[in-house]
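For the sequence shown, our numbering gives the first residue as 3, with consecutive numbering after it. Working notes, beginning with the structure itself.
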Amino acid sequence: MTNVGTIGTSSITKTFLEACIASRAFKVSHLYSRSKAKAQDLIDELFLPEAAAYDDLETFLSAPDLEVVYVASPNSLHFDHVKAALLHGKSVIVEKPAFANTAEYEAIDAILQQRPELHVIEAARHLFDSNYLVAQEKVSQFTEITGATLTYMKYSSRFDAFQAGKTPNIFSPEFAGGALYDLGVYLLYAAVDWFGVPESSAYYATKAENGIDLHGLARLHYPKFDVALIFGKDQQSFLASEIYSHRKTLWLDSLGEPTQVRLYDSPAVYQDLSQHTAENALVEEVNAISLMFTNREEDKFKHYWQLAGQVTRLLVDLRASAGIVFESDQKK
3 MTNVGTIGTS SITKTFLEAC IASRAFKVSH LYSRSKAKAQ DLIDELFLPE AAAYDDLETF
63 LSAPDLEVVY VASPNSLHFD HVKAALLHGK SVIVEKPAFA NTAEYEAIDA ILQQRPELHV
123 IEAARHLFDS NYLVAQEKVS QFTEITGATL TYMKYSSRFD AFQAGKTPNI FSPEFAGGAL
183 YDLGVYLLYA AVDWFGVPES SAYYATKAEN GIDLHGLARL HYPKFDVALI FGKDQQSFLA
243 SEIYSHRKTL WLDSLGEPTQ VRLYDSPAVY QDLSQHTAEN ALVEEVNAIS LMFTNREEDK
303 FKHYWQLAGQ VTRLLVDLRA SAGIVFESDQ KK
């Protein structure tokens, strides 16, 4: 069983650790946080008596039995944490978005070229979801794609605080926040995975006073069709996602967390393709990635790393089209 350590103590880290425990896919051995007490609290809460807590990153990364590092720090810190882990000989699972700009991706790629035994995989969890995979299979069987509308809009639990004058990381340009990088990235992953890299793209964003995007509409142009992406964090939507092939429509209730998939032949005639999903949304992802490490599935690692690069470049292009600037753009 592969030993995994975590950076960060946010809710997504807890969900990841619970998925590791439920699936027994990884052995949780080390937890790092800037506050050692927070790391120890998480160890105690999840009853991980064999795991150690750290507040010193160098000591954490130097642990000889640590093999894979799960990075769930704020977006703007991903690059530094991924780089540090690789330089200590550890492979990495990094929460989306992996990087704020293409320079960061290319710098990590240069390290991986020198250390081919190491891997970095972006935790775009929906790519490993059984409902996403059944939808992907149907998309590949369409003789012709004529368009798509992909949506993911959720009212953020931190938006009220943002409106009250606070600046949570997810609404901060310093920490590479905003709707595109938090929710739009799910839609971009699906679009690039299913349809490839678009010929051109544009993002029409509604922005806050600090320049961060709250919601918006992106357009991806392909040679014979267009894809509309609708996403946001300051309002709630119940729109489904759809992929069109003339009279046929593939329908997903939520692309970020798909639980229902249907293939419509007409408004009243459809096939229910829905698959059972685990209660913990990360279990399927954790299982799949664990097997990639155990079986050394190099082709899959290469595929997902290339996909991460394509998505990163597209995120940067869309950001530029909307005039969204992160502080990290000036540093790399």
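Cβ atoms here follow ideal geometry from the backbone N, Cα and C, with glycine treated the same way. These numbers come from a predicted model, not from an experiment.
Expressed to the nearest angstrom, what Euclidean distance is found between the alpha-carbon atoms of residue 34 and residue 127? To locate residue 34, count along the sequence shown from 1; it is residue 32. To locate residue 127, count along the sequence shown from 1; it is residue 125. Taking the straight line joining both Cα atoms gives about 22 Å.
Cβ pair residue 154, residue 218 closer than 8 Å: Your numbering for residue 154 matches position 152 in the sequence shown. Your numbering for residue 218 matches position 216 in the sequence shown. No.
Looking at C-alpha atoms only, which residue of 204, 175, 57 and 110 is the closest neighbour of residue 92? In the sequence shown, counting from the first residue as 1, residue 92 sits at position 90. That would be 110, whose Cα lies nearest to the Cα of residue 92.
Could you check if residue 195 is buried or exposed, using at least 16 other CB atoms within 10 Å of its CB as the buried criterion? The residue you call residue 195 lines up with position 193 of the sequence shown. It is buried - the Cβ of residue 195 has at least 16 other Cβ atoms within 10 Å.
Is residue 244 helix, strand or coil by DSSP? Start at 1 with the first residue of the sequence shown, and residue 244 comes out as number 242. Strand.
When the distance is taken between beta carbons, is residue 64 closer than 8 Å to residue 83? As a first step, residue 83 is located in the sequence shown; it is residue number 81 there, counting from the start. As a first step, residue 64 is located in the sequence shown; it is residue number 62 there, counting from the start. Their beta carbons are not under 8 Å apart, which means residue 83 does not touch residue 64 by this criterion.
Give me, in chain order, the residues of the same chain whose beta-carbon lies closer than 7 Å to that of residue 335; leave out the 5 immediate sequence neighbours on both sides. No statement about residue 335 is possible, as the shown extent of the chain runs from 3 to 334 and does not include it.
Starting from the N-terminal side, write out each stretch of the alpha helix (DSSP H) that is 4 residues or longer and does not extend beyond the region 15-100. Here the runs fully enclosed are 38-47, 59-63 and 80-89.
Contact check, residue 246 vs residue 124 under 8 Å by CB: the rounded distance? Counting from 1 along the sequence shown, the entry for residue 246 is found at position 244. Counting from 1 along the sequence shown, the entry for residue 124 is found at position 122. That belief does not hold up - the Cβ atoms of residue 246 and residue 124 are roughly 28 Å apart, past 8 Å.
Within the same chain, show all residues whose beta-carbon is closer than 7 Å to that of residue 273, passing over the 5 residues directly before and after it, in chain order. To locate residue 273, count along the sequence shown from 1; it is residue 271. So the qualifying residues of the chain are 264 and 265.
Go ahead and label residue 121 buried or exposed: buried means 16 or more other beta carbons lie within 10 angstroms of its beta carbon, across all protein chains shown. What you label residue 121 is simply residue 119 of the sequence shown in a count that begins at 1. So residue 121 counts as buried.
Would you call the region 142-161 and the region 185-201 touching, i.e. three or more CB-CB distances under 8 Å? Yes, since at least three Cβ pairs between the region 142-161 and the region 185-201 fall closer than 8 Å, the two stretches touch.
If we count the other Cβ atoms within 10 Å of its Cβ and call it buried at 16 or more, is residue 297 buried or exposed? In the sequence shown, residue 297 corresponds to position 295, counting from 1. Residue 297 counts as exposed, since fewer than 16 other C-beta atoms from the protein chains shown sit within 10 angstroms of its C-beta.
Sequence-distant residues of the same chain with beta carbon closer than 7 Å to residue 22, five excluded per side: Reading the sequence shown from its first residue, position 20 is the one you call residue 22. Annotation for residue 22: 6, 28, 30 and 288 place their beta carbon closer than 7 Å to its own, counting only its chain and skipping 5 residues before and after.
Cα separation between residue 185 and residue 232? Looking up residue 185 in the sequence shown gives position 183. Looking up residue 232 in the sequence shown gives position 230. Residue 185 and residue 232: Cα-Cα distance of roughly 10 Å.
Would residue 328 and residue 102 qualify as a contact pair, given that the criterion is a beta-carbon distance under 8 Å? Here residue 328 is taken as the residue at index 326 of the sequence shown, counted from 1. Here residue 102 is taken as the residue at index 100 of the sequence shown, counted from 1. With respect to residue 102, residue 328 sits close: the two C-beta atoms are nearer than 8 Å.
Any idea which residues DSSP pairs residue 273 with across the strands? For this step, residue 273 is matched to residue 271 along the sequence shown. Per DSSP, 265.
Alpha carbon to alpha carbon, how far is residue 66 from residue 242? Give it in angstroms, no decimals. Here the question's residue 242 lines up with position 240 in the sequence shown. Here the question's residue 66 lines up with position 64 in the sequence shown. In this structure, the CA atom of residue 242 is about 46 Å from the CA atom of residue 66.
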